[in-house]
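Visitor: Chains as they are written, first to last, in the working numbering: chain Z, 135 to 364; chain C, 135 to 364.
Glycine included, C-beta positions come from ideal geometry on N, C-alpha and C.
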DNA sequence: CCGACCTTGTTCTCTTGTTCACAAAGTGCC
DNA sequence: GGCACTTTGTGAACAAGAGAACAAGGTCGG
Ligand SMILES: NC(=O)c1ccc[n+]([C@@H]2O[C@H](COP(=O)([O-])OP(=O)(O)OC[C@H]3O[C@@H](n4cnc5c(N)ncnc54)[C@H](O)[C@@H]3O)[C@@H](O)[C@H]2O)c1
Ligand SMILES: NC(=O)c1ccc[n+]([C@@H]2O[C@H](COP(=O)([O-])OP(=O)(O)OC[C@H]3O[C@@H](n4cnc5c(N)ncnc54)[C@H](O)[C@@H]3O)[C@@H](O)[C@H]2O)c1
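1) State the DSSP-derived secondary structure class of residue 362 of chain C, mapped to helix, strand or coil.
2) Let me confirm a value: residue 306 of chain C is counted as buried when at least 16 other C-beta atoms fall within 10 Å, else exposed. Which label applies?
3) Answer with buried or exposed for residue 216 of chain Z, where buried requires no fewer than 16 other C-beta atoms within 10 angstroms of its C-beta.
4) Does the beta carbon of residue 177 of chain C come closer than 9 Å to any beta carbon on chain Z?
5) Taking the alpha carbon of residue 337 of chain C as the point to measure from, which residue in Z:164, Z:170 and Z:220 has its own alpha carbon closest?
6) DSSP state of residue 247 of chain Z, grouped into three classes?
7) Under 9 Å, Cβ to Cβ, is there at least one residue of chain C near residue 239 of chain Z?
8) To the nearest angstrom, report how far apart residue 343 of chain Z and residue 275 of chain C are at their CA atoms.
9) Report the rounded CA-to-CA distance for residue 287 of chain C versus residue 210 of chain Z, giving the unit in angstroms.
10) Taking just the CA atoms, how far does residue 150 of chain C sit from residue 405 of chain C?
11) Given this structure, state the Cα-to-Cα distance separating residue 249 of chain C from residue 249 of chain Z, to the nearest angstrom.
12) Alpha carbon to alpha carbon, how far is residue 290 of chain C from residue 251 of chain C?
13) Between residue 335 of chain C and chain Z, is the shortest Cβ-Cβ distance under 9 Å, so that the two count as touching?
14) Within 9 Å of any Cβ in chain C, is that where the Cβ of residue 150 of chain Z sits?
15) Can we count residue 170 of chain C as close to ligand 1, meaning its CB is less than 8 Å from some heavy atom?
16) Could you tell me the alpha carbon to alpha carbon distance between residue 277 of chain Z and residue 273 of chain C, rounded to whole angstroms?
17) DSSP three-state call for residue 215 of chain C: helix, strand or coil?
18) Pick helix, strand or coil for residue 203 of chain C, following the three-state DSSP scheme.
19) Counting only the same chain and skipping the five closest in sequence on each side, list residues whose C-beta sits under 7 Å from that of residue 257 of chain C.
20) In three-state terms, what does DSSP make of residue 280 of chain Z?
21) Throw me the rounded Cβ distance for the residue 154 of chain Z and residue 313 of chain C pair, which I believe falls under 8 Å.
22) Any idea what DSSP makes of residue 329 of chain C, helix, strand or coil?
23) Might you give, ordered along the chain, the residues of its own chain that have their beta carbon closer than 8 Å to the beta carbon of residue 214 of chain C, omitting 5 neighbours on each side?
24) In the DSSP assignment, find the alpha helix (DSSP H) that holds residue 101 of chain Z and state where it starts and stops.
25) Check the Cβ-Cβ distances between residue 153 of chain C and every residue of chain Z, and say whether any is below 9 Å.
26) At a cut-off of 8 Å, would you count residue 319 of chain Z as near ligand 1, judging by its Cβ distance to the nearest heavy atom?
27) Rounding to the nearest angstrom, what Cα-Cα distance links residue 229 of chain C and residue 233 of chain Z in this structure?
28) If I measure Cβ to Cβ from residue 322 of chain Z and keep anything under 6 Å in the same chain, skipping five residues before and after, which residues do I get?
29) Work out the CA separation of residue 224 of chain Z and residue 144 of chain Z for me, nearest whole Å.
30) Between the segment 154-174 of chain Z and the segment 186-200 of chain Z, do three or more beta carbon pairs fall short of 8 Å?
31) State the start and end residues of the unbroken beta strand (DSSP E) segment that holds residue 224 of chain Z.
Take a look at the structure:
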């Protein structure tokens, strides 16, 4: 009779999308929303929305839909957004600086609490209201500021070491922007954002479409014959 | 006897990781690599590597492994990396500027060919070697420069419109950084990078782990009581 | 030239995720 | 109060992906 609290990974990744959508409609004064409408706005299938929401043990009202406010509360609770998650950005270069300047994080419960670099000429300088600290100060910063999430914005070479240090300092959640394979022990969670990967995937599909077009033009009868075989 | 050229999405997303790994080992002078070793370096399962590579129709040599150079050629061809894919960055703000400054794109076949903004005070100014052009110039730029990929780095509000314009101008591949649901017609491909989503997913697992710890420590009856209270 | 050894390519099974379809449940009109 | 209508929640079918296991194929030492 165990609690069925196990939320599938795929669902977890969609909850933030629903959350944002709900905040949008809430701002427009909408108080109730159907799975159909939410699905449309979130760009997914309605059945998927209902199933996803059902994992929250969420109570929609049949014949009516879901109460937007209530859904937002449930969802925030489930995602752990009832508290702040102080973020440390490691590597204040091009990208790290842009992230540090970005206001969108603090707004949503992810305040940038520390900037960290290894370059002695950067350490000690002030950027975006924060004094840049040295990587060696990490454990102290985690203690002091309760850093919960580390963002790696260093070159690929340093990424694994930074991750190791973050984990050693007690940071269990890491977001990696460096184009490198980084591994963390099981008790930690690592997610990656890989620009080059995204572009290469786009080029794959871009290319395939071009080929597809050419094929579609030239193939004609042969194509049908070929496909029917399958 | 149909060509089994349909590569699964999940595989496509891993090919860039293999590619990068192979480039790394190639730089170290390695000429042959086993699926086992490649898997280790790429952080995946060896069987998965073999299956993925088999979609390339790739010829490994049993008893030996894969020829690194050959694999790189095949993989680049499959991913469409034998040509350049000129990129246009739309929205030269915080993030757009960082992306424009980043050297890592041009290196790998994705030269930044155009910077685009809608802000009249930015249009005409020079940034990182490019004159910032107006969104209205998009069709001309696509013709002139052969823009193949559009990167959306505008605020969320403008994202869908920018996407529509990109598609209308003939850009079939789009990478969206704005936290908004953007849809494109079927002939186009859109991928998104969603920072807030990544952080929220991290907070979900971060929270769950803390709870998990508490549960593991106290388990049994007490835990149930505690949860019911929350 | 042969046999021990290694590594691939692929088949099969299991798990995870998606979608459909429909009964159950509630609303609000009349 | 009853009935037609809406929308949820979920069971079941289907699709995609992961991983284990192993036969087939090839290498290389002797
Ligand atoms: N800039 C972009 O738009 C962009 C886009 C995609 C990916 N990336 C990736 O993000 C990462 C950062 O890119 P960038 O352009 O900001 O690079 P950058 O060279 O401008 O900045 C890197 C910063 O990290 C610091 N650093 C280096 N090693 C460190 C270490 N071990 N510990 C702490 N700090 C360290 C450096 O001092 C520097 O300040 C790179 O891996 C890059 O591939 C950047
Ligand atoms: N900066 C970051 O680190 C960061 C991180 C995550 C996500 N994002 C997202 O990336 C997007 C850009 O962020 P930013 O910090 O660079 O914002 P920004 O406000 O600094 O820059 C936005 C730029 O887009 C331009 N713009 C606005 N509407 C436009 C339109 N319709 N067409 C063309 N250009 C237009 C503006 O003139 C401005 O130059 C936002 O959606 C943000 O949420 C940014």
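Guide: In this structure, then:
1) The residue given as residue 362 of chain C occupies position 228 in the second chain. Residue confidence for residue 362 of chain C is low, a pLDDT of 29 falling below 50, so the modelled location carries little weight; the figure read from the coordinates is stated next. Reduced to three states, the DSSP call for residue 362 of chain C is helix.
2) Taking the first residue of the second chain as 1, we reach residue 306 of chain C at position 172. Buried.
3) As a working mapping, residue 216 of chain Z is identified with position 82 in the first chain. Burial call: exposed.
4) Locating residue 177 of chain C in the second chain gives position 43, counting from the first residue. Yes, because at least one Cβ of chain Z sits closer than 9 Å to the Cβ of residue 177 of chain C.
5) To locate residue 337 of chain C, count along the second chain from 1; it is residue 203. Residue Z:220 is the option with its Cα nearest to residue 337 of chain C.
6) Taking the first chain and counting its residues from 1, the one referred to as residue 247 of chain Z is at position 113. Under the three-state reduction of DSSP output, residue 247 of chain Z falls in the strand class.
7) Looking up residue 239 of chain Z in the first chain gives position 105. Output row for residue 239 of chain Z: interface = yes.
8) Position 209 of the first chain holds residue 343 of chain Z. Position 141 of the second chain holds residue 275 of chain C. If I take the Cα positions, the gap works out to 21 Å.
9) Reading the second chain from its first residue, position 153 is the one you call residue 287 of chain C. Reading the first chain from its first residue, position 76 is the one you call residue 210 of chain Z. Approximately 27 Å between the Cα atoms of the pair.
10) Coverage of chain C is limited to positions 135 through 364, which leaves residue 405 of chain C absent and any answer about it impossible.
11) Here residue 249 of chain C corresponds to residue number 115 of the second chain, with the count starting at 1. Here residue 249 of chain Z corresponds to residue number 115 of the first chain, with the count starting at 1. Just so you know, the alpha carbons of residue 249 of chain C and residue 249 of chain Z end up roughly 29 Å apart.
12) Taking the second chain and counting its residues from 1, the one referred to as residue 290 of chain C is at position 156. Taking the second chain and counting its residues from 1, the one referred to as residue 251 of chain C is at position 117. Rounded to whole angstroms, residue 290 of chain C to residue 251 of chain C spans 14 Å at the Cα level.
13) Working through the second chain from its first residue, we reach residue 335 of chain C at position 201. It does; some Cβ of chain Z falls within 9 Å.
14) What you label residue 150 of chain Z is simply residue 16 of the first chain in a count that begins at 1. Closer than 9 Å: yes.
15) Locating residue 170 of chain C in the second chain gives position 36, counting from the first residue. For residue 170 of chain C, the CB stays at least 8 Å from every heavy atom of ligand 1.
16) Translated into the one-based positions of the first chain, residue 277 of chain Z becomes position 143. Translated into the one-based positions of the second chain, residue 273 of chain C becomes position 139. About 53 Å.
17) For the purposes of this step, residue 215 of chain C is taken as the residue at position 81 of the second chain. In the structure shown, the three-state DSSP call for residue 215 of chain C is coil.
18) Your numbering for residue 203 of chain C matches position 69 in the second chain. If DSSP states are grouped into helix, strand and coil, residue 203 of chain C belongs with the helices.
19) Sequence index remark: in the second chain, residue 257 of chain C carries index 123 (1-based). By the criterion of a C-beta distance shorter than 7 Å, residue 257 of chain C is surrounded in its chain by 251, 266, 267 and 268, once the five residues flanking it on both sides are discounted.
20) Within the first chain, the letter at position 146 stands for residue 280 of chain Z. It is coil, neither helix nor strand.
21) As a first step, residue 154 of chain Z must be located in the first chain, where it is residue number 20. As a first step, residue 313 of chain C must be located in the second chain, where it is residue number 179. Contact holds; Cβ gap of about 6 Å.
22) Against the second chain, residue 329 of chain C aligns to sequence position 195. The answer is helix: DSSP assigns residue 329 of chain C an H, G or I state.
23) Residue numbering aside, residue 214 of chain C sits at position 80 when the second chain is read from its first letter. So no residue of the chain qualifies.
24) The displayed coordinates of chain Z run from 135 to 364. Any statement about residue 101 of chain Z would go beyond what the structure contains.
25) Taking the second chain and counting its residues from 1, the one referred to as residue 153 of chain C is at position 19. Interface with chain Z (9 Å Cβ-Cβ cutoff): residue 153 of chain C is included.
26) Taking the first chain and counting its residues from 1, the one referred to as residue 319 of chain Z is at position 185. Checking the 8 Å criterion, the Cβ of residue 319 of chain Z is out of range of every heavy atom belonging to ligand 1.
27) Your numbering for residue 229 of chain C matches position 95 in the second chain. Your numbering for residue 233 of chain Z matches position 99 in the first chain. Within the model, the alpha-carbon separation for residue 229 of chain C versus residue 233 of chain Z is close to 8 Å.
28) As a first step, residue 322 of chain Z must be located in the first chain, where it is residue number 188. Cβ neighbours of residue 322 of chain Z beyond the five flanking positions: 301 and 306.
29) Counted from its first residue, the first chain places residue 144 of chain Z at position 10. Counted from its first residue, the first chain places residue 224 of chain Z at position 90. If you take the alpha carbons of residue 144 of chain Z and residue 224 of chain Z, they lie about 28 Å apart.
30) The segment 154-174 of chain Z makes contact with the segment 186-200 of chain Z: 3 or more CB pairs, one atom from each, lie closer than 8 Å.
31) Here residue 224 of chain Z corresponds to residue number 90 of the first chain, with the count starting at 1. If you look at residue 224 of chain Z, you'll find it in the beta strand (DSSP E) that goes 221-224.
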